[in-house]
Every structure is written in structure tokens, then in C-alpha cells.
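69 is the number of the first residue of the sequence shown in the numbering used here; add one for each residue after it.
Glycine included, every Cβ here is placed at the ideal spot set by N, Cα and C.
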Amino acid sequence: MTTINNHKLTKMLTQINQSFVKEIQQQEILKSLFFLAIIFLAYMATFQPVMAHGEKNLEPYVRMRTIQWYDVQWSTQKFNVNDEVTLTGKFHVAEDWPISVPKPDASFLNVSTPGPVLIRTERYLNGKPFMNSVALQPGGDYDFKIVLKGRLPGRYHIHPFFNLRDAGQVMGPGAWLDIGGDEADFTNNIQTINGEIVDMETYGLGNGIFWHSFWALLATAWLLWWVRRPLFIARYRMLKAGMEDELITPLDKHIAKAILVGVPVLVFAFYTMTVNQYPKAIPLQASLDQILPLSAKVNAGVVDIETLRAEYRVPERAMKLSLNIKNSSDKPIQLGEFATGGIRFINKAVSIPDHNNTESVIATESLSLDNPTPIQPGEQRTILITAGDGLWESEKLDGLINDADSRIGGLVFFYDSEGERYVSSITSAVIPKFN
Ligand SMILES: [Cu+2]
69 MTTINNHKLT KMLTQINQSF VKEIQQQEIL KSLFFLAIIF LAYMATFQPV MAHGEKNLEP
129 YVRMRTIQWY DVQWSTQKFN VNDEVTLTGK FHVAEDWPIS VPKPDASFLN VSTPGPVLIR
189 TERYLNGKPF MNSVALQPGG DYDFKIVLKG RLPGRYHIHP FFNLRDAGQV MGPGAWLDIG
249 GDEADFTNNI QTINGEIVDM ETYGLGNGIF WHSFWALLAT AWLLWWVRRP LFIARYRMLK
309 AGMEDELITP LDKHIAKAIL VGVPVLVFAF YTMTVNQYPK AIPLQASLDQ ILPLSAKVNA
369 GVVDIETLRA EYRVPERAMK LSLNIKNSSD KPIQLGEFAT GGIRFINKAV SIPDHNNTES
429 VIATESLSLD NPTPIQPGEQ RTILITAGDG LWESEKLDGL INDADSRIGG LVFFYDSEGE
489 RYVSSITSAV IPKFN
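Spelled out as C-alpha cells, the structure:
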């Protein structure tokens, strides 16, 4: 009797205990949900409208030592739906490509947009049209041209960028574009090689939806066929118990055979129908375009530059570069600009004919030279330049000193007495100075 009583008692106690534990658990869950909600609301309250889109997120050495953009220019920044706009620019592929970034042997030049607000109609690299990815040569200079057409009205911040395989996106300078007009007016008609005019906005849409849904339904049905039964643990136990033959029924086998034969037959049948209906078709291109860099660097052998020392002074937010410059041209030259990671440090003492209407971050009056007199033809001189501006911090380039790869890269622009420009790419390890 006592054992039964004890047993009953234990059971009762356990039940009480369990319901108590349950109540406490529920309370705990409610409490945590409440706190999560508070945290979420507090977080939401600190949100600002997002004005950037990740340009500053990439490590400074990737932004400074991979694709070095310059002269990026929009033909217009205010246009209407259906109007064409041209984006042109140049970039230098840094010689000192970071060791941790895969070499740019498959890179895709694109334009970042918030959704399909533009369509790209043409794209050129060094004057050659190209559709695919391209292999870039470190040390090479390239010029590009992209023709776009307005699609959705609005005001957008648009950047050219390079997608580097296995490395990510290197953003070029951005610009605000105002697209006016009416979305309904947008047309995107092209003529096929058969002379037929097709509307690219709707062409083949029904077909695409049908085939996607068809395969999705078939795949889901096959998945559900198996998922509706007891899954892993039950099946594992049956397998352990030597009942593996019962895991797959004869009906399963029949259906599997029907799919195995049916799907390839279906694909082949519809493929044949398509080929008969469209005998002249060009497959989607997936090759790698080979486009050589511009034949000779504009400044090859004319202005030689060597970086002797680079020092980043944290309190002053200033990069001090000691440069050894040899002017082999026949005119005096002056250093007018230092550009890195999307920032342009301008020496206001030099008048610069500008080829840039993107609002790449420009620090005017931020570049000073210890010896501003022009470098004479044949002269070799070591000068100390200081690029000092809060932009090092606000553009998050000063994170360089915390990188495992604390090397800087950038472009130095020289101008001779007749306004001719010489571009040099520099690179150096950076020594941080904290006081
Ligand atoms: Cu932007």
C-alpha cells in the first residue's frame, strides 16, 4: 500500500512541479519577448534614412588598391523616361593588387541602381563593345562607356562598379540622377535578327512564368510525396531494425521510373519544338572578353614617381607621403591631385581642368606640398605631400591602420604648364602615428 501511495504522491508532485515549471517558462518567454520588442523599437527609433549603400563597407585596402576610378562623368543628370544617358570614365588597375584579393581575371562592369530604374543598352571598354566579364591586367588603364536608358521616374544615387570574382564589388563614384516623365511611357522594343520587333518588357513572360511554375510544382510534388511520411528518425529506426525494404513501396518505384523517363522526354520534346519554332537563335554568351589595357600609359617614362614613405597621422587625420618624382617631360609639372578610395584631395594652387561630375567626395584645399614650385624638365625632387581631411575618417579609410594589409594605393595627377595631365599610381606601406 505504502509503495502505491508513495508512487501516487510522487506522480502528483511531479505533475504540480511540471505545471509550475510550465508557468514559469511561459512567464520567462513573455518577458523575453517583451524585452526583444523594446530593443527592436529602440533600434527602429535610431534609424536614419539610408543615404549610402555599402560603399564604405569594403576594406580600405580593397577600395584603394584594386580599381582606381577617375574622370567618371554622366552626360546628363536630369533626363526623362526613355531618354538615353551616357556614363563614361577611366580606371587604373592597381599594380600593387592586394595579396588577399583574387586577381581580376573575371570582372564585370556594372551600374548599381535601386531596382530596374535604368536599362543598359550599350557598354564599351577601351572602345570595344563587350557583353561578358573581362580579364583586367594589373597596371593597366582602361576607359569605359555605358549607355543607359531611363525606365522608372525618381531620384536615385547611381554608381558604376566592378564585380570582381571572389572578391566583391568595388564601387566607383556616385551621382544623383533625376529621372522625370511617366513610367507608362517606357518602351523597350528591339528588332530580332529575323526582323521581328519584340517588346522586351513582356516578351516571353508567359512562357517564363509557365516553365518556372511547372518545374516548381513538379519538384514540390515529388518532395511532398516523401515528406508526408515519417521522416528521419522513424526511417532510421526502421533501417536499424532491418526493415529497409519497407521504406520504399512499389508505388514509389513506379513514380520514380515515370519521372526518370518522363522528364528527359519532356525536355527533349519541348526543346525540339523550340528549335523548330526559332531556328535562328544565339545562345546566351558566357565567354570571357579579352580586352587589352590602353596601349601605353599616358605618363609612361614621362613622370616617374616613387613613394619613399607614407605616414598616417591619426589626430590630424592626415596622410603624409614622401614622393620622389622625376620629370622627364619637356615642360614644368605640378602635382594637382591625389585620389584614393573615392576621395579626391585637390591642390588648389594648381588649376585643374576637371572631367568629373560625379560627386565623388572632393576635399578641396586639403592637399599641401612642402615645396610647391613646379618641377622643372629633367629635375628629380623629393617632395612631402600632406592629404589632410576629416574624410579619411568619415569615409572610413582610416580603418587601414587596423588592417592586416596596411598599404595605401592611389593616383597622383600631375599637370604641365599647358594643362596636359600625367597620371601615376602610387603604393606604399603606411606607418600610423598616434600622436
Ligand atoms: Cu551611392
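Does DSSP classify F159 as helix, strand or coil?
strand
With DSSP run on the structure shown, which of helix, strand or coil describes P361?
Coil at P361, not helix or strand.
State yes or no: is the C-beta of E463 nearer than 7 Å to some heavy atom of ligand 3?
Annotation note on ligand 3: not contained in the displayed structure, which lists ligand 1 as its ligands.
For the alpha helix (DSSP H) holding L435, just list the boundary residues, first then last.
Per DSSP, L435 belongs to no alpha helix (DSSP H); it is in the beta strand (DSSP E), 435 to 437.
Hey, N148 and K217: beta-carbon distance below 8 Å or not?
no
What residue range is occupied by the uninterrupted alpha helix (DSSP H) comprising W165?
Careful: W165 lies outside any alpha helix (DSSP H) and carries neither H nor E.
Distance check for K325 and P332, CA to CA, integer angstroms please.
12 Å
Per the DSSP calculation, W460 is bridged to which residue(s)?
Note: W460 sits in no beta bridge, so no partner.
From the DSSP output, which residues share a beta bridge with M268?
M268 is not bridged to any residue.
Pocket of ligand 1 (residues with CB nearer than 5 Å to any heavy atom), chain order
H225, G242
Taking R223 and W244 to be in contact with their CB atoms under 8 Å, please state how far apart those CB atoms are, rounded to whole angstroms.
Under the criterion of beta carbons closer than 8 Å, R223 and W244 qualify as touching, at roughly 6 Å.
Fully enclosed by the segment 206 to 268, which beta strand (DSSP E) runs are 3 residues long or longer?
209 to 218, 222 to 232, 236 to 239, 243 to 248, 257 to 259, 265 to 267
Decide if R305 is buried, meaning its Cβ has at least 16 other Cβ atoms within 10 Å, or exposed.
exposed
Counted within 10 angstroms of its Cβ, other Cβ atoms place T71 as buried (16 or more) or exposed
The predicted model places T71 with a pLDDT of 45, which falls under 50 and marks its position as unreliable; any figure quoted below should be read in that light. T71 counts as exposed, since fewer than 16 other C-beta atoms from the protein chains shown sit within 10 angstroms of its C-beta.
How about E379 and G456: do their beta carbons lie closer than 8 Å?
no
Are the CB atoms of S175 and N256 within a distance shorter than 8 Å?
Result no, Cβ atoms of N256 and S175 do not sit closer than 8 Å.
Considering only C-alpha positions, which residue in the set P221, R381, F406, I393 is nearest to K21?
No information on residue 21 is available, as it lies outside the stretch 69 to 503 that the chain covers here.
Candidates N344, T270, L334, G242, of which the one nearest W283 by Cα
L334
Leaving out five residues before and five after G458 in sequence, what residues of the same chain have Cβ atoms less than 8 Å from its Cβ?
R385
Can you confirm whether W293, when its beta carbon is compared against all beta carbons of chain D, has any partner nearer than 8 Å?
No chain D is part of this structure, which consists of one protein chain only.
By Cβ distance below 7 Å, which residues in the same chain neighbour V370 in space, the five residues on each side in sequence not counted?
S396, S397, Y490
Cβ contact (3+ pairs, closer than 8 Å) linking the segment 128 to 135 and the segment 458 to 473
yes
First and last residue of the uninterrupted beta strand (DSSP E) at V370:
Careful: V370 lies outside any beta strand (DSSP E) and carries neither H nor E.
Out of curiosity, what's the CA-to-CA distance linking I499 and D139?
30 Å
Start-to-end residues for the beta strand (DSSP E) that takes in I430
429 to 431
Reduced DSSP category for D313 - H, G, I as helix; E, B as strand; rest coil
helix
What whole-angstrom Cβ distance do A162 and G477 have, given they're in contact under 8 Å?
The C-beta distance from A162 to G477 rounds to 5 Å, short enough to meet the 8 Å contact threshold.
Chain-order list of residues whose beta-carbon lies under 6 Å from that of N392 (same chain, five-residue window excluded):
Excluding sequence neighbours, N392 sits near E374, L376, T450.
Which listed residue (M199, V418, I106, M387) has its alpha carbon closest to that of T408
M387
Determine the DSSP secondary structure at Q116, reduced to helix, strand or coil.
Confidence at Q116 is low in this model, with a pLDDT of 49, below 50, so its placement is unreliable and the value that follows should be read with caution. Residue state, collapsed to three classes: coil.
Checking the sheet assignment: what are the DSSP bridge partners for F482?
L403, Y490
Opposite Y129 in the DSSP bridges: which residues?
DSSP output for Y129 lists no bridge partner at all.
Counting C-beta neighbours from all protein chains within 10 Å, is the total for L319 16 or more, i.e. buried, or is it exposed?
By the 10 Å Cβ count, L319 comes out exposed.
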